[in-house]
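K.L.:
Oh and the sequence shown: position 691 is 699 in our numbering, straight run, nothing missing.
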Amino acid sequence: IILIAIDFIKIPKYNRMQRFCITLLCVLNTYFAQAEDGYKLWLRYEPVLNQQLSSQYKEITKAIYFGDGDPTLDVAKAEVQNGLPKLLSIPVSISKDINKASLVICTIDKLPASIKNQLTSNLEDQPNGSYIIKTIGKQLVVVAPKSIGVLYGTFHLLRLMQSDESINNLNIIESPKIDLRLLNHWDNLDRTVERGYAGFSLWNWHKLPEVIDQRYIDYARANASIGINGTVLTNVNANALVLTAPYIKKTKAIADAFRPYGLKVYLTARFSAPMEIGGLDTADPLNKDVAAWWEEKAKEIYKEIPDFGGFLVKANSEGQPGPQNFGRTHADGANMLAKALKPFNGVVIWRAFVYSEHDPADRAKQAYSEFVPFDGQFAENVLIQVKNGAIDFQPREPFHPMFGAMPQTPLMMEFQITQEYLGFSTHLVFLPKLFEETLQADTHRKGPNSTVAKVIDGSLHSKRISGIAGVSNIGTNINWTGHPFAQANWYGFGRLAWDPNMGSKEIAKEWLKATFSSDPDFVNPMSELLISSRETVVKYMTPLGLHHIMDANHHYGPGPWIKNMPRPDWTSVYYHKADKEGIGFNRSSTGSNATAQYAPELAKVFNDPKATPSELLLWFHHLPWSYKLENDRTLWDNIGITYQEGVNEVREMTTTWEQMSPFVDHERHQLVKSLLSIQLNEAIWWKNACMSYFKQFSELPFPAEMEKPDKSLEYYMSLKFPFAPGIKPKWD
Ligand code: GCW
Numbered sequence: 009i010i011l012i013a014i015d016f017i018k019i020p021k022y023n024r025m026q027r028f029c030i031t032l033l034c035v036l037n038t039y040f041a042q043a044e045d046g047y048k049l050w051l052r053y054e055p056v057l058n059q060q061l062s063s064q065y066k067e068i069t070k071a072i073y074f075g076d077g078d079p080t081l082d083v084a085k086a087e088v089q090n091g092l093p094k095l096l097s098i099p100v101s102i103s104k105d106i107n108k109a110s111l112v113i114c115t116i117d118k119l120p121a122s123i124k125n126q127l128t129s130n131l132e133d134q135p136n137g138s139y140i141i142k143t144i145g146k147q148l149v150v151v152a153p154k155s156i157g158v159l160y161g162t163f164h165l166l167r168l169m170q171s172d173e174s175i176n177n178l179n180i181i182e183s184p185k186i187d188l189r190l191l192n193h194w195d196n197l198d199r200t201v202e203r204g205y206a207g208f209s210l211w212n213w214h215k216l217p218e219v220i221d222q223r224y225i226d227y228a229r230a231n232a233s234i235g236i237n238g239t240v241l242t243n244v245n246a247n248a249l250v251l252t253a254p255y256i257k258k259t260k261a262i263a264d265a266f267r268p269y270g271l272k273v274y275l276t277a278r279f280s281a282p283m284e285i286g287g288l289d290t291a292d293p294l295n296k297d298v299a300a301w302w303e304e305k306a307k308e309i310y311k312e313i314p315d316f317g318g319f320l321v322k323a324n325s326e327g328q329p330g331p332q333n334f335g336r337t338h339a340d341g342a343n344m345l346a347k348a349l350k351p352f353n354g355v356v357i358w359r360a361f362v363y364s365e366h367d368p369a370d371r372a373k374q375a376y377s378e379f380v381p382f383d384g385q386f387a388e389n390v391l392i393q394v395k396n397g398a399i400d401f402q403p404r405e406p407f408h409p410m411f412g413a414m415p416q417t418p419l420m421m422e423f424q425i426t427q428e429y430l431g432f433s434t435h436l437v438f439l440p441k442l443f444e445e446t447l448q449a450d451t452h453r454k455g456p457n458s459t460v461a462k463v464i465d466g467s468l469h470s471k472r473i474s475g476i477a478g479v480s481n482i483g484t485n486i487n488w489t490g491h492p493f494a495q496a497n498w499y500g501f502g503r504l505a506w507d508p509n510m511g512s513k514e515i516a517k518e519w520l521k522a523t524f525s526s527d528p529d530f531v532n533p534m535s536e537l538l539i540s541s542r543e544t545v546v547k548y549m550t551p552l553g554l555h556h557i558m559d560a561n562h563h564y565g566p567g568p569w570i571k572n573m574p575r576p577d578w579t580s581v582y583y584h585k586a587d588k589e590g591i592g593f594n595r596s597s598t599g600s601n602a603t604a605q606y607a608p609e610l611a612k613v614f615n616d617p618k619a620t621p622s623e624l625l626l627w628f629h630h631l632p633w634s635y636k637l638e639n640d641r642t643l644w645d646n647i648g649i650t651y652q653e654g655v656n657e658v659r660e661m662t663t664t665w666e667q668m669s670p671f672v673d674h675e676r677h678q679l680v681k682s683l684l685s686i687q688l689n690e691a692i693w694w695k696n697a698c699m700s701y702f703k704q705f706s707e708l709p710f711p712a713e714m715e716k717p718d719k720s721l722e723y724y725m726s727l728k729f730p731f732a733p734g735i736k737p738k739w740d
């Protein structure tokens with residue numbers, strides 16, 4: 009109204025047209041300033057609407073003492089100075105006197121004895137990053153032995169305020185349960201991202217080391233807010249160039265920008281680098297010159313980046329070079345690199361994602377067979393990084409049998425945050441639910457309740473070091489992850505890396521409150537939606553234990569008909585084995601016997617189709633189409649019914665989201681709505697294509713509950729997507 013009034017008020021300098029243009033610009037500016045593009049992630053710090061809580065927060069934060077002394081503490085202070093005024097609409101008031109402050113944020117050594125004595129613990133034996141948030145008399149203290157703990161504690165306190173939680177009478181002691189909490193970027197040096205669906209790589213190698221993009225800082229801050237403490241900058245399908253001097257300088261610039269946020273950098277090491285960039289004629293790990301080359305390389309890196317994390321290596325897998333090219337073992341390769349990094353406290357993270365086209369064994373068995381015999385033979389700074397399941401980040405897989413089977417070797421978890429097999433950045437799927445399922449699975453390796461989480465955090469077999477990695481879904485898109493809800497998967501990964509026993513529902517609520525609204529009428533239905541979204545995608549893509557039936561290479565959309573590929577284990581028919589008799593992969597003792605790689609208690613369950621949970625039925629068994637499930641319907645009917653349920657559930661998601669418009673800004677609401685409409689179409693496409701294809705074998709009518717396909721199988725098979733994102737362009 010004011011703007012329109014301005015338009016009519018006569019300003020002598022401007023004519024009517026000019027005044028109109030100024031007004032229009034102001035209106036547009038106001039509109040776009042209010043639009044939410046998602047850039048702020050879960051760090052929006054929207055005003056606290058609950059008056060009672062707002063007063064409580066104001067009272068407790070009315071005079072803040074900040075310890076200073078290092079860049080990490082400066083970051084903590086800046087975060088409070090940025091967040092509090094937004095949350096409470098008042099400026100931050102700083103107290104120089106620690107005794108008079110209402111809120112104290114500092115390292116423990118800064119505390120006067122009167123406060124220090126009242127801490128129940130000084131966290132001395134606790135891992136780096138631990139902190140205390142405690143109400144002591146009239147003061148609230150956020151303290152830690154190290155400044156990184158102070159930063160994590162500060163984010164925790166701000167999270168409580170974003171979540172409408174009381175901050176009276178607090179007594180929180182937190183420590184990270186896992187040592188290495190890493191993102192793995194599959195980012196190439198040309199800025200394409202393998203399996204990336206959110207634009208290009210954040211790392212602008214061309215302009216580094218001089219240009220430090222603000223995004224690097226914002227990225228580090230977001231990671232620190234959820235406790236992520238390391239990032240592998242480059243793709244596991246590695247380019248040796250990143251280990252050359254100019255790239256080490258560029259990496260150093262990134263490392264310097266990340267350091268205040270407690271984020272270490274790691275690089276992928278291409279095993280053949282000594283030959284490609286070192287002028288040697290071999291990369292044999294037992295060759296003295298090769299070992300010396302890596303030792304020199306480590307020295308060169310650590311000279312620039314004293315806290316460099318270490319190397320991540322994909323060796324002898326999918327065409328990547330490795331020690332086996334020289335007749336050596338994975339242990340030989342990993343230990344040689346480990347020796348080079350050891351003097352600098354660096355680690356080698358060696359991936360177990362290996363399978364060979366020359367090995368006729370079931371692909372699901374190969375990594376276990378390759379690695380388990382080497383248990384106890386890896387150097388102490390080697391971790392073996394294992395994908396959550398034995399095939400490849402499918403919508404559902406049983407946990408990888410290696411977990412729990414290598415008591416003397418630290419096994420790192422590798423989750424995929426980017427949704428290569430789960431609808432890219434188009435489908436709304438809340439992955440913490442999937443992560444939780446794997447982490448809470450019981451390996452039975454040391455009696456009941458030997459969960460994967462305990463393997464990962466090192467507690468099951470008292471491991472000296474522990475780690476977890478998530479393949480990043482981050483790119484240059486303004487909202488970082490393409491789908492606004494894919495931010496939840498980055499967030500949730502971080503929270504589970506901090507505490508692998510956290511519940512996915514709690515994570516969903518936290519994220520929803522910070523990212524959208526803390527109104528219960530929003531949070532309750534939306535947390536239900538998030539939690540069920542994972543099962544929904546399983547239902548409309550790969551129900552009842554089916555897996556790897558997506559289209560070839562790009563993995564976009566259904567492709568159960570894929571059969572001509574360079575290697576059989578890249579086809580779909582290898583995995584579903586549909587024929588006139590039935591469908592599914594027999595991995596039981598009468599088939600590939602992959603079940604024998606699990607603890608006997610589990611092998612027994614998985615060997616028996618009646619005992620196998622229906623979600624994993626066709627993972628472990630090849631069963632007749634007429635096989636009856638618990639609901640007394642045939643397997644064929646159940647497959648069709650489940651596909652249909654998946655479609656119906658996406659419809660429900662769409663309706664729920666429609667109802668959420670009062671709580672969400674127009675821009676994000678609209679984007680999610682459009683994405684959900686693609687998701688629905690694609691869910692229908694999956695159902696129609698897969699059921700039409702399988703019908704050729706079952707020769708049975710579609711179950712009554714299922715909406716019939718409206719196109720022919722030939723039509724679905726004819727669809728081609730040469731420009732689907734996430735794969736390397738052909739010119740490379
Ligand atoms: O999931 C598969 C992907 C490849 C990936 C590979 C791996 C980086 O299709 O793109 O390569 O796994 O994890 O190494």
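By construction, the Cβ of each residue, glycine as well, lies at the ideal position given by its N, Cα and C atoms.
For a quick check, are the C-beta atoms of S526 and S110 less than 8 Å apart?
P.N.:
Position 518 of the sequence shown, counting from 1, holds the residue named residue 526. Position 102 of the sequence shown, counting from 1, holds the residue named residue 110. No, they are not a contact pair.
K.L.:
Here's the rule I'm using: 16 or more other beta-carbon atoms within 10 Å means buried, otherwise exposed. How should R359 be labelled?
P.N.:
Taking the first residue of the sequence shown as position 1, residue 359 is located at position 351. Looking at its Cβ environment, which holds 16 or more other Cβ atoms inside 10 Å, R359 is buried.
K.L.:
Given a cut-off of 8 Å on the beta-carbon distance, is the pair I476 and I186 in contact?
P.N.:
Sequence index remark: in the sequence shown, residue 476 carries index 468 (1-based). Sequence index remark: in the sequence shown, residue 186 carries index 178 (1-based). Yes, they are a contact pair.
K.L.:
Between the alpha carbons of R189 and L241, how many angstroms are there, rounded?
P.N.:
Residue numbering aside, residue 189 sits at position 181 when the sequence shown is read from its first letter. Residue numbering aside, residue 241 sits at position 233 when the sequence shown is read from its first letter. Straight-line Cα distance between these residues: approximately 14 Å.
K.L.:
State whether the region 536–552 contacts the region 217–233, with contact taken as three or more CB pairs (one from each stretch) at a distance under 8 Å.
P.N.:
The region 536–552 vs the region 217–233: no contact.
K.L.:
Among A505, I482 and L504, which residue has its Cα nearest to the Cα of A494?
P.N.:
As a position in the sequence shown, residue 494 is number 486, starting the count at 1. A494 has its Cα closest to that of I482, out of A505, I482 and L504.
K.L.:
Taking the alpha carbon of L727 as the point to measure from, which residue in L624, L631, M573 and Y564 has its own alpha carbon closest?
P.N.:
The residue you call residue 727 lines up with position 719 of the sequence shown. Cα-wise, what sits closest to L727 is Y564.
K.L.:
What whole-angstrom Cβ distance do I175 and Y65 have, given they're in contact under 8 Å?
P.N.:
Here residue 175 is taken as the residue at index 167 of the sequence shown, counted from 1. Here residue 65 is taken as the residue at index 57 of the sequence shown, counted from 1. Indeed, because the Cβ distance is near 6 Å, the residues count as touching under 8 Å.
K.L.:
So what does DSSP say about A152, is it helix, strand or coil?
P.N.:
Along the sequence shown, read from residue 1 onward, the residue named residue 152 stands at position 144. A152 falls in the strand class under three-state DSSP.
K.L.:
If K142 and L127 are in contact, beta carbons under 8 Å, what's the gap, nearest whole angstrom?
P.N.:
On the sequence shown, position 134 is the one that residue 142 refers to. On the sequence shown, position 119 is the one that residue 127 refers to. About 7 Å separates the two Cβ atoms, so the contact holds.
K.L.:
Considering just the uninterrupted stretch of the alpha helix (DSSP H) at T664, what are its terminal residues?
P.N.:
Walking along the sequence shown from the start, residue 664 turns up at place 656. Residues L643 to Q667.
K.L.:
Spatial neighbours of Y269 within its chain, please: CB distance less than 7 Å, with the 5 preceding and 5 following residues excluded, ordered by chain position.
P.N.:
Position 261 of the sequence shown, counting from 1, holds the residue named residue 269. Counting only Cβ-Cβ distances below 7 Å, and skipping sequence neighbours, we find V83, A228, R229, N231 and A232.
K.L.:
What span of residues does the beta strand (DSSP E) with K142 cover, start to end?
P.N.:
Position 134 of the sequence shown, counted from the first residue, corresponds to residue 142. K142 -> beta strand (DSSP E) spans Y139 to I144.
K.L.:
For E173, does the three-state DSSP call read helix, strand or coil?
P.N.:
Translated into the one-based positions of the sequence shown, residue 173 becomes position 165. Reduced to three states, the DSSP call for E173 is coil.
K.L.:
R595 to G397, Cα distance in whole Å?
P.N.:
As a position in the sequence shown, residue 595 is number 587, starting the count at 1. As a position in the sequence shown, residue 397 is number 389, starting the count at 1. Looking at the two C-alpha atoms, the distance is approximately 14 Å.
K.L.:
Using alpha carbons as the reference points, say which of G590, A602, W627 and E653 lies closest to F702.
P.N.:
Translated into positions along the sequence shown, residue 702 becomes position 694. If we check each option's Cα against that of F702, G590 comes out closest.
K.L.:
Note down, in chain order, each residue of its chain lying with its Cβ closer than 7 Å to the Cβ of N37, except the 5 sequence neighbours on either side.
P.N.:
Within the sequence shown, numbered from 1, the residue matching residue 37 stands at position 29. Low confidence applies to N37: its pLDDT is 47, below 50, so where it sits in the model is not reliable, and the reading given next is rough at best. Here the set comprises nothing.
K.L.:
Can you find a heavy atom of ligand 1 that lies under 7 Å from the Cβ of N481?
P.N.:
What you label residue 481 is simply residue 473 of the sequence shown in a count that begins at 1. No.
K.L.:
If we call anything under 8 Å between Cβ atoms a contact, is V56 one with L95?
P.N.:
Within the sequence shown, residue 56 is the residue found at index 48, counting from 1. Within the sequence shown, residue 95 is the residue found at index 87, counting from 1. Result yes, Cβ atoms of V56 and L95 sit closer than 8 Å.
K.L.:
Indicate, with yes or no, if ligand 1 has a heavy atom lying under 7 Å from the CB of N196.
P.N.:
By one-based count along the sequence shown, residue 196 stands at place 188. Incorrect: N196 has no Cβ contact closer than 7 Å to ligand 1.
K.L.:
Roughly how many whole angstroms lie between the Cα atoms of V545 and A607?
P.N.:
What you label residue 545 is simply residue 537 of the sequence shown in a count that begins at 1. What you label residue 607 is simply residue 599 of the sequence shown in a count that begins at 1. In a straight line, the C-alpha of V545 is about 29 Å away from that of A607.
K.L.:
Does the count of Cβ pairs from the region 616–632 and the region 552–569 closer than 8 Å reach three?
P.N.:
Flag = yes, the region 616–632 and the region 552–569 touch.
K.L.:
To the nearest angstrom, how far is it from the Cα of Y723 to the Cα of I285?
P.N.:
Against the sequence shown, residue 723 aligns to sequence position 715. Against the sequence shown, residue 285 aligns to sequence position 277. Distance between the alpha carbons of Y723 and I285: 49 Å.
K.L.:
Is F432 near ligand 1 - that is, is its Cβ less than 7 Å away from at least one heavy atom of it?
P.N.:
Your numbering for residue 432 matches position 424 in the sequence shown. No, the beta carbon of F432 sits no closer than 7 Å to any heavy atom of ligand 1.
K.L.:
Quick check: is any heavy atom of ligand 1 less than 7 Å from the C-beta of N243?
P.N.:
Taking the first residue of the sequence shown as 1, we reach residue 243 at position 235. Yes - ligand 1 has a heavy atom lying nearer than 7 Å to the Cβ of N243.
K.L.:
Please report the residue range of the alpha helix (DSSP H) in which Q704 lies.
P.N.:
The residue you call residue 704 lines up with position 696 of the sequence shown. Here the alpha helix (DSSP H) through Q704 covers H674 to S706.
K.L.:
Within 8 Å, do at least three Cβ pairs link the region 574–590 to the region 711–725?
P.N.:
Judged by Cβ distances under 8 Å, the region 711–725 makes no contact with the region 574–590, as fewer than three pairs qualify.
K.L.:
Does the region 513–526 come close enough to the region 401–411 to have 3 or more Cβ pairs within less than 8 Å?
P.N.:
Contact between the region 513–526 and the region 401–411 is absent, because fewer than three Cβ pairs lie under 8 Å.
K.L.:
Just to confirm, does D559 get its C-beta within under 7 Å of one of the non-hydrogen atoms of ligand 1?
P.N.:
For this step, residue 559 is matched to residue 551 along the sequence shown. No, since every heavy atom of ligand 1 falls outside the 7 Å radius drawn around the Cβ of D559.
K.L.:
Give the single residue among I692, K350, R278 and V380 whose Cα lies nearest to the Cα of E657.
P.N.:
Against the sequence shown, residue 657 aligns to sequence position 649. Ranking the options by Cα distance to E657, first place goes to I692.
K.L.:
Specify the secondary structure class of Q328 as computed by DSSP and reduced to three states.
P.N.:
Indexing the sequence shown from 1 puts residue 328 at position 320. Three-state DSSP puts Q328 in a strand.
K.L.:
Am I right that T276 and N243 are in contact with their C-beta atoms under 8 Å? What's the rounded C-beta distance?
P.N.:
Along the sequence shown, one-based indexing puts residue 276 at 268. Along the sequence shown, one-based indexing puts residue 243 at 235. Contact flag correct, Cβ pair sits at about 6 Å.
K.L.:
Among the candidates N509, K350, L159 and D340, whose CA atom is the shortest distance from the CA of F382?
P.N.:
Position 374 of the sequence shown, counting from 1, holds the residue named residue 382. For F382, the nearest C-alpha among the options comes from D340.
K.L.:
To the nearest angstrom, report how far apart A732 and H562 are at their CA atoms.
P.N.:
Locating residue 732 in the sequence shown gives position 724, counting from the first residue. Locating residue 562 in the sequence shown gives position 554, counting from the first residue. So the alpha carbons of these two residues sit roughly 6 Å apart.
K.L.:
Name the two residues that bound the continuous alpha helix (DSSP H) containing Q393.
P.N.:
Within the sequence shown, numbered from 1, the residue matching residue 393 stands at position 385. Segment V390 to K395 is the beta strand (DSSP E) holding Q393; no alpha helix (DSSP H) there.
K.L.:
With three or more beta-carbon pairs closer than 8 Å as the criterion, would you say the region 648–664 touches the region 503–515?
P.N.:
No, because fewer than three Cβ pairs between the region 648–664 and the region 503–515 fall closer than 8 Å, the two stretches do not touch.
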